[in-house]
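Trainee: Pasting in a structure now, in structure tokens, and then I'll have a few things to ask.
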Amino acid sequence: MKIDFHVHSFYSEDSFQSFEKIIQKAEKCGLDGIVILDHNTIKGSDRLEAYLEARYHNLPVNERLMVIRAGEYSTEEGHLVIIGLKTPLEEILEVNQKWYRCEDVVKEAKKQGATIILAHPFRWKHRSPSEWLISQVDAIEVFNGRTCFVKDNYEANAKAVELAKKLELPIVGGSDGHLTVEIGRSFVNFEVEKASFDPQKLHLYDSSVHGEWGHPAYEVVSQVYKFTTQKKWGSIPKQVIKFFYGVLIYGIACLKPRYFLKGDVMTYKAHH
-2 MKIDFHVHSF
8 YSEDSFQSFE
18 KIIQKAEKCG
28 LDGIVILDHN
38 TIKGSDRLEA
48 YLEARYHNLP
58 VNERLMVIRA
68 GEYSTEEGHL
78 VIIGLKTPLE
88 EILEVNQKWY
98 RCEDVVKEAK
108 KQGATIILAH
118 PFRWKHRSPS
128 EWLISQVDAI
138 EVFNGRTCFV
148 KDNYEANAKA
158 VELAKKLELP
168 IVGGSDGHLT
178 VEIGRSFVNF
188 EVEKASFDPQ
198 KLHLYDSSVH
208 GEWGHPAYEV
218 VSQVYKFTTQ
228 KKWGSIPKQV
238 IKFFYGVLIY
248 GIACLKPRYF
258 LKGDVMTYKA
268 HH
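Quick note: the sequence shown uses my numbering, first residue -2, plus one each step.
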């Protein structure tokens, strides 16, 4: 069962993908499921459920695309993907500037019986997850399609793989797609029938992650979109510089691919 575990919709400020376009692309590229998550929110969940009911009315479960709604919450220790919230965290917790307090997110997620996934844990060299946070999560994102050419940190995905192996935690992977062209390039394959899959019991399934690089231009497009909608014109030159740097690293990766993690990244054996 192939699931792209990291896709953003227009409820994220740096994406303009509608639920409809996301689902159409996921079906077209042969995915069995998709996790639609957005920055610091699970807004639109009711709208999504209504659309899915209309689209798949009377279709059996095994013929439907499995669509899972989640939130990607920013904390001082990095990003946490939360699946299974009954009450949105943004309605309960306070934001300090642009971050939620990590301890508060973890505490409230556990209180609601939600699953906590550590997203792209080594994307920022200066901010790695603490031992405490690592001890609290249920799974680790070991491949993120947008974490391949971030600044000089192309080893971030490989480090996430090492961490997951060390801790023997369940694994996920995804495109981090903010544009439809990215969807399905990276995914996790679970050895389970769709009708039996529970996204809050990842430890029960053997799984493997497949990852493909996302082109640096994808992130630049979404960031420029974000800053133009916010009318932050001064931030655009920085994105242009970031683009050319990303293209340089992308070129190096194409010439020397052995230095860059890609393809079948990791397997996980379930603990029954």
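Glycine residues also receive a C-beta, built at the ideal position from the N, C-alpha and C atoms.
Label residue 225 either buried or exposed according to how many other C-beta atoms from any shown protein chain fall within 10 Å of its C-beta, with 16 as the threshold for buried.
Mentor: For the purposes of this step, residue 225 is identified with residue 228 of the sequence shown, where counting begins at 1. Exposed, by the Cβ-count rule.
Trainee: Within the continuous beta strand (DSSP E) that includes residue 9, where are the two ends?
Mentor: What you label residue 9 is simply residue 12 of the sequence shown in a count that begins at 1. Per DSSP, residue 9 belongs to no beta strand (DSSP E) and is neither H nor E.
Trainee: On the DSSP bridge assignment, give the partners of residue 115 in chain order.
Mentor: Locating residue 115 in the sequence shown gives position 118, where the first residue counts as 1. Beta-bridge pairing links residue 115 to 77 and 137.
Trainee: From which residue to which residue does the alpha helix (DSSP H) around residue 44 run?
Mentor: As a position in the sequence shown, residue 44 is number 47, starting the count at 1. Its alpha helix (DSSP H) spans residues 42 to 52.
Trainee: Answer with yes or no whether the minimum CB distance from residue 75 to chain B is below 9 Å.
Mentor: Among the chains in the structure shown there is no chain B, since it carries only a single protein chain.
Trainee: By Cβ distance below 7 Å, which residues in the same chain neighbour residue 95 in space, the five residues on each side in sequence not counted?
Mentor: As a position in the sequence shown, residue 95 is number 98, starting the count at 1. Counting only Cβ-Cβ distances below 7 Å, and skipping sequence neighbours, we find 71.
Trainee: Since residue 101 is in the alpha helix (DSSP H), which residue starts that stretch and which ends it?
Mentor: Working through the sequence shown from its first residue, we reach residue 101 at position 104. Segment 99 to 108, the alpha helix (DSSP H) holding residue 101.
Trainee: Under three-state DSSP, which class holds residue 202?
Mentor: Here residue 202 refers to the residue found at position 205 of the sequence shown. Residue state, collapsed to three classes: coil.
Trainee: Rounded to the nearest angstrom, what separates residue 182 and residue 262 at their Cα positions?
Mentor: The count along the sequence shown starts at 1 and reaches residue 182 at position 185. The count along the sequence shown starts at 1 and reaches residue 262 at position 265. If I take the Cα positions, the gap works out to 13 Å.
Trainee: Where does residue 230 fall in DSSP's three states?
Mentor: The residue you call residue 230 lines up with position 233 of the sequence shown. Reduced to three states, the DSSP call for residue 230 is helix.
Trainee: For residue 213, which option in 248, 89 and 137 has the closest C-alpha, if you only look at C-alpha atoms?
Mentor: Translated into positions along the sequence shown, residue 213 becomes position 216. Selected option, being the one with the closest Cα: 248.
Trainee: Do residue 63 and residue 198 come within 9 Å of each other at the CB atom, strictly closer than that value?
Mentor: The count along the sequence shown starts at 1 and reaches residue 198 at position 201. The count along the sequence shown starts at 1 and reaches residue 63 at position 66. Not in contact: residue 198 and residue 63 (Cβ atoms no closer than 9 Å).
Trainee: State the Cα-Cα distance for the pair residue 57 and residue 50, rounded to the nearest angstrom.
Mentor: As a working mapping, residue 57 is identified with position 60 in the sequence shown. As a working mapping, residue 50 is identified with position 53 in the sequence shown. Going from the Cα of residue 57 to the Cα of residue 50 covers about 12 Å.
Trainee: Rounded to the nearest angstrom, how far is the Cβ of residue 8 from that of residue 35, given a contact under 8 Å?
Mentor: By one-based count along the sequence shown, residue 8 stands at place 11. By one-based count along the sequence shown, residue 35 stands at place 38. Correct: roughly 4 Å between the Cβ atoms.
Trainee: Anyone know if the C-beta pair for residue 260 and residue 208 falls short of 9 Å?
Mentor: Your numbering for residue 260 matches position 263 in the sequence shown. Your numbering for residue 208 matches position 211 in the sequence shown. Contact: yes.
Trainee: Measure from the alpha carbon of residue 216 to the alpha carbon of each residue in 228, 90 and 233, then state which is nearest.
Mentor: As a position in the sequence shown, residue 216 is number 219, starting the count at 1. Checked all of 228, 90 and 233; the closest Cα to residue 216 is 233.
Trainee: For residue 75, count neighbouring C-beta atoms within 10 Å of its own C-beta (all shown protein chains included) and say buried if the count is 16 or more, exposed if not.
Mentor: Looking up residue 75 in the sequence shown gives position 78. Buried: at least 16 other Cβ atoms inside 10 Å.
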